[in-house]
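Reading through the structure tokens given below for one structure.
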Amino acid sequence: MRGLRKLNSLFTKIPKNFARNSDVNATTAEKPTLVKGKSPSTKPQVVDGSKEITDPPSITSVLIRSRDGAAHTDLLGLDTQEQDLEIPWGGEYKGPIKSLHYLQNRKYMTRERKQKIVYKNTKTHRLAEIVDSCGDKLSADDALGMFGKLGRQTGLKEYNALVQVCINSARKSFDEDESLQHIYNAYQIFRAMKEHGVQIKETTYGPLLRYFVETGAVDEFDFFSKVIAEANPGAFSRVGYYEMLLWAKVGNEDKVQELCNSVGADNIGGELTESYLLALCESDRNEQLVKLLSVIDVTKVSSQGYLSNIFKSLGKRKLKIFAEKFILALKASEATEEKLSHFIYSYAVSIPVLVVEDAISEFEKLHEKFYIPPSSLSYVELFKYCCKFREVHAALDIVDKMHELDFNASLENFHQLLDAVEESRELDLVRPVYSRIRYHNQKPTSETFRRMVILLVRMKDFEGAYSMLSDMKEFGLNPTTVMYNSIMAGYFREKNIRGGLMVLDQMKKAEIKLDCLTYSHIIANCECDEDLVKYYKEIQSSDIHRTKPVYMATINAHVKFGQFDKAKKVVADLALSSPRCINEVKSVLLSALASHGQFSDALELYQEMKQTGSRVEPKAILSLFDYFQSEGKLDILMELLGELSDPDYWFCGCERVILYCVRHNHLSSAVDLLKKLKDKDELSSSYAVVNQAFAYLSEAEPPAVEVGLNFLRAIEEEVGLHPSRTSLDFLLSACASAKDAKRAWLIWEEYQKAGLVYNVLSYLRMYQVLLICREFEAANDMLKNIATDDPHVRCIIKRSVAIFGPSKCKSSKKKKKQKKKKNIESVM
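Read in the UniProt record's numbering, the sequence shown has 637 at position 637, and its numbers run on one by one without any break.
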């Protein structure tokens, strides 16, 4: 109740003449008259000597008032009543621009022309972005005040954007009083809308009520629902939707049941029943949902979108009996076959724990059972569903079925299919896709061929990629530079320099224009300094503008040939001619120097970039890790890790530092980093790093068993990670190398503590450890647990006994005695 009391205390401070405290009387009997060609203003204007009139109220008149009715002071130190910044936001403007002396007339006219052409289509999205950005940069109050000073006539879109600012600010606030203040600002906006005759629709109140649902704010929801009902009585049913969501969210079963009973008892059908049903579909309330499904007349649901959501919910809850009942009812009500097919699709693809093929099967069975022909739209949706889950074979089958029914898949559909081929890595399916494109009489575009060429190159089918270039001529298309560059890059990735240069010759013969990316590939793969000079001169003599990839390739080529001074000179020349990309190019030089052993030069460049405040690319920072690992400087490694903000690069750096800490027995630092890694929701990454650490300890000379056990205890007690089977297997191997049976038994117990069942490999490893440590009786007991029906297992046991068994030990002792006897005889 504290939230409601706080809100009431805020609302009671609103002056009774709130709407009349501004310079504009929002409730004047006379309708305000706009003067054509004049900018909106809150100041009185005189038209042809007649009486004073006022313009429609702006945000200033309502939203930037404090609770005592006084005007705020704007961000520039101007009083809000002095509306100097009256910038029009759309439409025509022919009057002077006050107080904007820094704008030139020509620039303003350019803006006006752009407004007429572009602003009509983009103003809604742009306004939302601007308001939201201002809400992030400023407080909600300041954002409201700033937009008030712009003199914009406030409409529904503007009010919606400002309400969203209040919601975002409340959501980000951790203080209850501050959050309620933002809710109070939203109430101001609602009140202003009502007083200015702007209807409060769901686009305005919906996000606010959903925020109350998310936060479980019952008191605030109750207050605003009454405000909305007074302003818009027709919103009653939609508010009921949010009310059902709220009670389900806070777990008030009595209220949920009460709303459900009101439908049955009072026979309240139509939109309110529909709203309750949709809310229950979103909530985990199966019992109440089934009761409502039993009484609702599905043929009276007002929207196809609502019906689609209902069928999705039926699929999600596996309520097939209701799905079939509703399909029959809708079919009897003469619903179109296209709609029925869409509802069947919505149900089939929502059934959980189904593979794509099962969803397709259910889709087809329901159509067949109710004698409903599948629509082309449903097949397209089913096709997209297959592509979404990268089921390319299933998608191809859908395409074939569509062709049988004379439904043609669009070229855009085939592009989606090619994307699915790439994501699924089933690259060999690019040819079946291409055959379907031709079979469906679709005319592929250059974009289609570009995608297919790239996929064929990735599967190293260069001949197939070239055949695509030939096929383009059939469709009146010409191969592009991008396609040839892709083939060239593929050859170079395979270290086939001759093949890459062959592509260059073909580009020149076909008069395909070479670009900077072409030369960057060639320069990066030059085999000698003469070729580097040749191609660099060639690009200088052409009209190709040297870009960042060319400079990077040139640097890497110089460093590869040991020409470190020339590589530095490229950076120096670039700093004078085009400093925009200098930081990235310097980072490439740093990385190249470090990877070729020039750590002193790389470190000097790194320090120079840091001193000048330049950003060092993450890849370049990673190249320095190897140097500082060998130097043994943990503090610098931690500093470098702090420079990595990108999550992927940070993981790579964190992994290297943890391994360094384990190698040098800095376990506390390793544990601290593992905690950070775990906090970043990188649980799988944490286990991967831990496994690598134990792998190193098992291979160390001498085996670091004690360090491994200490690390194991630390990750269990401090990080909260249970060791994986892989980690324990590595530790057992370390015990075998160290011939340490005592610690091996400790590790053996860890399997049970971690909930890991002993398997054949576990028993074999422990058996070998016991043999190596000459605990033959314990080894024989361990051998009884090993199933020997597998020939490979029998072979491992036989080899282990031959190498480490008792007979081997006796033979070894006998050789030692013979050697000792010979030594004594030689002395005698």
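Ideal Cβ placement from N, Cα and C applies to all residues, glycine included.
Here the structure is a predicted model, which is why all the values come from computation and not from measurement.
- Three or more beta-carbon pairs separated by less than 8 Å are not found between the segment 251-264 and the segment 228-236, which leaves the two stretches without contact.
- Between L477 and the set E214, N485, F449, L456, the nearest pair of CA atoms involves F449.
- Closest in alpha carbon position to S341, among V380, V356, I321, is V380.
- For S614, the secondary structure class from DSSP, reduced to helix, strand or coil, is coil.
- DSSP, reduced to helix, strand and coil, places H415 within a helical segment of the structure shown.
- Following the DSSP letters along the chain, one finds G305 inside the alpha helix (DSSP H) bounded by residues 304-316.
- Within the segment 688-749, the complete alpha helix (DSSP H) runs of at least 4 residues fall at 705-714, 725-738.
- Taking 8 Å as the upper bound for CB-CB distance, A734 and V705 are in contact here, some 5 Å apart.
- By the C-beta density criterion, R799 is exposed, having fewer than 16 other C-beta atoms within 10 angstroms.
- A straight line joining the alpha-carbon of S467 with that of E608 spans about 51 Å.
- Counting the other CB atoms within 10 Å of its CB gives C166 a total of 16 or more, which places it among the buried residues.
- At a Cβ-Cβ threshold of 8 Å, L622 and G597 do not count as neighbours.
- Out of L427, S424, I437, R425, the CA that lies nearest to the CA of H415 is found in I437.
- The segment 332-339 makes no contact with the segment 280-292; the number of CB pairs closer than 8 Å stays below 3.
- Less than 8 Å separates the beta-carbon of P444 from that of F475.
- Buried is the label assigned to Q768, since at least 16 other Cβ atoms lie within 10 Å of its Cβ.
- Going by beta carbons, E527 and I497 fall inside the 8 Å limit.
- When the alpha-carbon of A323 is set against those of K473, L574, S308, the nearest one is in S308.
- One Cα belongs to Y696, the other to E718, and the distance between them is close to 21 Å.
- If you draw a straight line from the Cα of A524 to the Cα of K537, it comes to about 15 Å.
- If you look at G206, you'll find it in the alpha helix (DSSP H) that goes 202-215.
- Counting the other Cβ atoms within 10 Å of the Cβ of K586 gives 16 or more, which makes it buried.
- The DSSP assignment places 446-458, 462-471, 481-493, 497-509 as complete runs of the alpha helix (DSSP H) inside the segment 445-522, in order along the chain (cut-off: 4 residues).
- Our two residues, E423 and P432, have alpha carbons roughly 16 Å apart in a direct line.
- The distance from the Cβ of I327 to that of I344 is about 7 Å, consistent with a contact at the 8 Å cut-off.
- Residue burial is scored here from C-beta neighbours: D175 has fewer than 16 other C-beta atoms within 10 angstroms and is therefore classed as exposed.
- With respect to the 8 Å criterion, E253 and S302 are not classified as neighbours on the basis of their beta carbons.
- If you draw a straight line from the Cα of M452 to the Cα of G315, it comes to about 37 Å.
- Annotation for V662: A670, A693, Y696, L697, V707, F711 place their beta carbon closer than 8 Å to its own, counting only its chain and skipping 5 residues before and after.
- For the 8 Å CB-CB criterion, C387 and V356 do not form a contact.
- Annotation for H393: the continuous alpha helix (DSSP H) segment containing it runs 392-404.
- Collapsing the DSSP output to three states places L377 in a helix.
- Under a 10 Å Cβ-count criterion, E243 is classified as buried, with 16 or more other Cβ atoms of the shown protein chains found around its own Cβ.
- Pairing W748 with P702, the inter-Cα distance amounts to about 21 Å.
- Distance from L732 to A744 at the Cβ level is roughly 6 Å; contact confirmed, criterion being Cβ atoms closer than 8 Å.
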